[in-house]
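Structure first, then comments.
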Ligand code: DAH
């Protein structure tokens, strides 16, 4: 066959083969088939040595042309497929920015801390200091300086964890009253609250051996029960809602005289009566009263000059009411399933 004819056959065959190619990998196979050592193009020059000079020149020239043409065609095709493959890869690996992101667990404030924050906000806005008292207390500060001498029957109501004859785990934040009065050596007016943990030997659904209280103490001149009532009314409205009403019932605490127990209208039913308030319309939230002259005297304040009021409230009760928590022990066992709800609950109730 004439070399020109062979060239035509090779190019035709290549063009046919090219139609069957669907990847850059297959272009490599084409290269081998046409340009490889035993390839069709290479074969053109296989028996050059048997040719005359003249023929050799012609065959050499033509086979060069074929080689160039074939190389160019295959390279073009290869580039086409490489680009195609790259596009496919990019398409496959594309980031979908509209996909929802991974959910990260985030911490949130403990219900107890939320209540403390609200209580502190309120009293700080009224000019009170926030005082931190120790949980390991002396019998003197926890009882004696609060007008509960050794052997006093009121000690029976607070089952105490004693460390030794002198030290105990405080049963009430009232112990900070004694501390603050002693520490204030200038004997200037006092406005303070003390939120913190207290301990008693109790353990059931509504009592924990550890719970939270906030103590309040105001000492100044001409302080009366009316000031206490005004303060607690504002406090109750802030904590439980604007429509909340406050009721004082006479009571007894050794460190106040007169003493009162303070009820608020049930924030669930607004005072109509419901299971939460046991159909009474009222919920007891606080103990309070006018500071007993003995307590003032032991704190270094002359009861002829100074008067004051004090109050103490259980933080757990507020948390249990506000968040409808059935068992006080949930507050202390740190179960994530329980704690997780609180972000949602505050949003739902729109408390603040
Ligand atoms: N300490 C009392 C208790 O734990 C509560 C209390 C009552 C505190 C009257 C006071 C108060 O400051 O005046 O039950």
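Numbering (this note's numbering), first residue to last: 1 to 352.
All C-beta atoms in this analysis are idealised placements derived from N, C-alpha and C, irrespective of residue type, glycine included.
Per DSSP, cross-strand counterpart(s) of residue i
{"i": "residue 129", "result": "192"}
{"i": "residue 250", "result": "260"}
{"i": "residue 144", "result": "BP columns for residue 144 are empty, so no partner."}
{"i": "residue 265", "result": "282"}
{"i": "residue 124", "result": "Note: residue 124 sits in no beta bridge, so no partner."}
{"i": "residue 89", "result": "Bridge partners of residue 89: none, in fact."}
{"i": "residue 197", "result": "212"}
Residue i, buried or exposed, once every other Cβ within 10 Å from all chains shown has been counted against 16
{"i": "residue 2", "result": "exposed"}
{"i": "residue 48", "result": "exposed"}
{"i": "residue 38", "result": "exposed"}
{"i": "residue 350", "result": "Unreliable positioning characterises residue 350 in this predicted model, as indicated by a pLDDT of 47, which lies under 50. The coordinate reading is nonetheless provided below. The residue is exposed, with fewer than 16 neighbouring Cβ atoms inside 10 Å."}
{"i": "residue 127", "result": "exposed"}
{"i": "residue 305", "result": "exposed"}
{"i": "residue 336", "result": "exposed"}
{"i": "residue 244", "result": "buried"}
{"i": "residue 173", "result": "buried"}
{"i": "residue 149", "result": "exposed"}
{"i": "residue 290", "result": "buried"}
{"i": "residue 86", "result": "exposed"}
{"i": "residue 183", "result": "exposed"}
{"i": "residue 217", "result": "buried"}
{"i": "residue 152", "result": "exposed"}
{"i": "residue 292", "result": "buried"}
{"i": "residue 10", "result": "buried"}
{"i": "residue 321", "result": "buried"}
{"i": "residue 100", "result": "exposed"}
{"i": "residue 16", "result": "exposed"}
{"i": "residue 352", "result": "Per-residue confidence for residue 352 stands at a pLDDT of 41, beneath the threshold of 50, marking its modelled position as unreliable; no derived number is given."}
{"i": "residue 340", "result": "exposed"}
{"i": "residue 334", "result": "exposed"}
{"i": "residue 342", "result": "buried"}
{"i": "residue 252", "result": "exposed"}
For residue i, the first and last residue of its enclosing beta strand (DSSP E)
{"i": "residue 310", "result": "307-314"}
{"i": "residue 210", "result": "210-220"}
{"i": "residue 109", "result": "Note, residue 109: premise wrong, no beta strand (DSSP E); not H, not E."}
{"i": "residue 402", "result": "Residue 402 lies beyond the stretch modelled for the chain, which goes from 1 to 352, so this question has no answer here."}
Limits of the alpha helix (DSSP H) - the one that residue i falls within
{"i": "residue 226", "result": "225-240"}
{"i": "residue 12", "result": "3-19"}
{"i": "residue 138", "result": "First-last for residue 138: 136-138, but that is the beta strand (DSSP E), not the alpha helix (DSSP H)."}
{"i": "residue 175", "result": "175-183"}
Residue i CB to nearest heavy atom of the ligand FAD below 7 angstroms
{"i": "residue 259", "result": "The ligand FAD is absent from the structure shown, which contains only the ligand DAH."}
Complete runs of the alpha helix (DSSP H) confined to the stretch 31-82 [at least 4 residues]
40-43
Whole alpha helix (DSSP H) runs in the stretch 277-340 with 4 or more residues, listed along the chain?
293-298, 315-323, 330-333, 336-339
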